[in-house]
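Each residue of the sequence shown is one higher than the one before, starting from 158 at the first, in the numbering used here.
Before any comments, here is the structure.
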Amino acid sequence: MSHPMDIIPVLNDIVEDEPGAVAPIERTTLFLDELESRLTVAIHEHADELVHNACREMEALLLEQVSDRLRAQLPGMIARIVDEHFHGPSRTN
158 MSHPMDIIPV
168 LNDIVEDEPG
178 AVAPIERTTL
188 FLDELESRLT
198 VAIHEHADEL
208 VHNACREMEA
218 LLLEQVSDRL
228 RAQLPGMIAR
238 IVDEHFHGPS
248 RTN
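Here you go:
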């Protein structure tokens, strides 16, 4: 090897970062803060999408239920109104 032996750190030497370098704990904190921020955004976007999809599904279900009820009740309503129109509301024959 062409490296002098005195510049290679050994296990009992203290290795310091360059001047102005961010401390390891601070780097870890910055990394975790960034990770937390990204996770928060991703989870919020996914939850928002799930809520909107659920609302659309509930709206479609309610519309179908209302349509089914109207389809079932409409013939009776029409018959009652026609009967009341021609025979009066309290007459019985």
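All C-beta atoms, glycine included, are put in the ideal place defined by N, C-alpha and C.
Spatial distance of residue i from residue j (CA atoms)
i    : j    : result
A199 : R228 : 44 Å
I238 : L219 : 27 Å
L231 : L207 : 36 Å
S194 : P176 : 29 Å
E191 : H209 : 27 Å
Beta-carbon proximity list for residue i, same chain, < 8 Å, skipping 5 on both sides
i    : result
A217 : none
Beta-carbon contacts of residue i that lie in its chain and below 6 Å, excluding the five residues immediately before and after
i    : result
G245 : none
H201 : none
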